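Okay, so the sequence shown: first residue is 175 according to our numbering, each after it adds one.
Where is the CB? At the ideal position from N, CA and C, for every residue including glycine.
Predicted, not measured: the structure shown is a model, and the values here were computed from it.
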Amino acid sequence: MRKSISAAAIVFLIYGLANAQDLSSTLSKVGNQYAEAYVAPAVNAFGADINSGLFNTAKVGGILPFGLNLYVGVKAAASFIPSSDQSFGLSYLDTVAFNESYNGRTYTINVPTTFTVQNAPTIFGEKTDGQATFNVQKDTTITQNGFSHTFNLDSSATISTIPGLLKTTIAPIPIPQVGIGSVMGTDVFVRYLPKIKIGNYGSFQLLGYGIRHSVSQYIPLCPVDIAVQLGWQNLSIQDSTGSKVLKASAFAANLEVSKTFAILTVYAGLQTESSSVDINYNYLPPATSINPNPKPIPISFSLKGKNTFRELLGLNLGLGVLSVNVDYSLGAINVASAGIGVTI
Numbered sequence: 175m176r177k178s179i180s181a182a183a184i185v186f187l188i189y190g191l192a193n194a195q196d197l198s199s200t201l202s203k204v205g206n207q208y209a210e211a212y213v214a215p216a217v218n219a220f221g222a223d224i225n226s227g228l229f230n231t232a233k234v235g236g237i238l239p240f241g242l243n244l245y246v247g248v249k250a251a252a253s254f255i256p257s258s259d260q261s262f263g264l265s266y267l268d269t270v271a272f273n274e275s276y277n278g279r280t281y282t283i284n285v286p287t288t289f290t291v292q293n294a295p296t297i298f299g300e301k302t303d304g305q306a307t308f309n310v311q312k313d314t315t316i317t318q319n320g321f322s323h324t325f326n327l328d329s330s331a332t333i334s335t336i337p338g339l340l341k342t343t344i345a346p347i348p349i350p351q352v353g354i355g356s357v358m359g360t361d362v363f364v365r366y367l368p369k370i371k372i373g374n375y376g377s378f379q380l381l382g383y384g385i386r387h388s389v390s391q392y393i394p395l396c397p398v399d400i401a402v403q404l405g406w407q408n409l410s411i412q413d414s415t416g417s418k419v420l421k422a423s424a425f426a427a428n429l430e431v432s433k434t435f436a437i438l439t440v441y442a443g444l445q446t447e448s449s450s451v452d453i454n455y456n457y458l459p460p461a462t463s464i465n466p467n468p469k470p471i472p473i474s475f476s477l478k479g480k481n482t483f484r485e486l487l488g489l490n491l492g493l494g495v496l497s498v499n500v501d502y503s504l505g506a507i508n509v510a511s512a513g514i515g516v517t518i
């Protein structure tokens with residue numbers, strides 16, 4: 175089983191891993207179903223990270239004329255990888271090639287069979303190969319290209335698959351962010367990374383935007399700031415030929431509340447969210463004596479991130495125009511977030 179794939183490699187590059195170049199060759203040894211289970215934890219971590227750090231106060235408006243304010247900074251989110259996302263078990267269908275002799279000639283027979291994997295490392299798992307066991311039962315008959323073969327005995331074996339690429343419990347990602355407001359109690363934010371080339375792998379770019387509206391402005395003498403916010407983000411990745419191999423999208427809607435004490439702001443929120451990643455690549459079937467030069471087969475699949483809801487609590491320190499914040503959120507994937515920027 176071989177694949178030409180660069181989509182999932184970019185997921186690793188986003189996290190800045192030095193050995194990202196190994197992922198393409200690693201995944202070339204496994205099939206589609208295995209690749210989905212192997213990469214899924216990175217999709218979960220990415221989705222949780224990108225939906226983090228959307229606010230550091232529920233106050234809308236500032237000290238500039240007409241109540242305007244401007245924030246320019248960098249957010250950094252780090253999701254925590256649970257132990258359940260460091261290994262997986264899976265049963266999947268694939269083929270095993272057997273060489274059989276008949277009338278003085280050797281034939282390659284591709285036999286459909288079920289592979290069973292237990293406690294195999296994911297992308298964030300141990301750097302030891304997973305193991306896949308298959309069994310072809312006695313009396314199984316396969317007919318291919320006019321040649322029929324019946325197995326007289328059970329045929330089983332255990333083969334090595336692929337190792338994890340980074341044994342880690344934390345997956346971080348930095349995101350530049352600009353916010354401006356407010357008009358009638360409403361402000362907006364933009365997250366943007368221009369198209370950035372990644373060595374010989376291709377390029378990626380990020381665009382995110384959101385809108386927030388003050389709720390506390392409608393509540394006379396409200397002791398806290400309250401706001402609601404919506405955010406959308408998209409990441410696209412192209413390979414070295416310009417073909418789009420990965421498209422990621424994320425959405426979040428939250429309710430925010432904060433209270434400021436001198437230079438310290440305590441903020442909290444409830445957030446519903448979603449994220450998904452579409453991956454496209456070419457599958458190259460194994461060469462056989464019957465088909466020594468197989469053609470690549472386009473393959474695509476989509477994965478959704480685990481996080482759908484989170485609770486968060488954070489602190490923001492205002493040091494003049496400098497703003498520094500940290501928060502922690504609880505969800506299917508827990509995330510620590512921090513940010514530093516200039517607020518005027």
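query, result
"Cβ-based burial, residue 231 [other Cβ within 10 Å; buried from 16]", "buried"
"Same chain, Cβ closer than 6 Å to residue 428, five either side skipped, listed in chain order", "403, 443 and 445"
"Opposing strand residues paired with residue 478 [DSSP bridges]", "450"
"Beta carbon of residue 255 nearer than 8 Å to that of residue 336", "no"
"Three-state secondary structure (DSSP) of residue 206", "helix"
"Given residue 208 as reference, the closest of 283, 334 and 235 once Cα atoms are compared", "334"
"Assumed close pair residue 218, residue 473 - CB separation to whole angstroms, cut-off 8 Å", "Contact doesn't hold; Cβ gap of about 21 Å is too wide."
"Terminal residues of the beta strand (DSSP E) in which residue 303 lies", "From DSSP, residue 303 is part of no beta strand (DSSP E); its letter is neither H nor E."
"Distance cut-off 7 Å: residue 253 Cβ against heavy atoms of the ligand ZN", "Among the components modelled here there is no ligand, and therefore nothing to report on the ligand ZN."
"Bridge partner(s) assigned by DSSP for residue 378", "370 and 411"
"Residue 233 versus residue 432 - alpha carbon distance", "7 Å"
"Status (buried if at least 16 other CB within 10 Å, exposed otherwise) for residue 283", "buried"
"Nearest-angstrom Cβ-Cβ length linking residue 451 and residue 422, presumed shorter than 8 Å", "5 Å"
"Proximity winner among 512, 371 and 387, relative to residue 412 (alpha-carbon distances)", "371"
"DSSP-derived helix/strand/coil call for residue 506", "coil"
"Span of the beta strand (DSSP E), counted from its first residue to its last, around residue 229", "First-last for residue 229: undefined, no H or E at that position."
"Assumed close pair residue 494, residue 248 - CB separation to whole angstroms, cut-off 8 Å", "Rounded, the Cβ-Cβ distance is 18 Å, inconsistent with contact."
"Residue 213 in three-state terms, based on DSSP", "helix"
"Which residues DSSP lists as bridging residue 154, in chain order", "With the chain covering only 175 through 518, there is no way to say anything about residue 154."
"Assumed close pair residue 211, residue 262 - CB separation to whole angstroms, cut-off 8 Å", "5 Å"
"Endpoints, the beta strand (DSSP E) within which residue 245 is located", "243 to 254"
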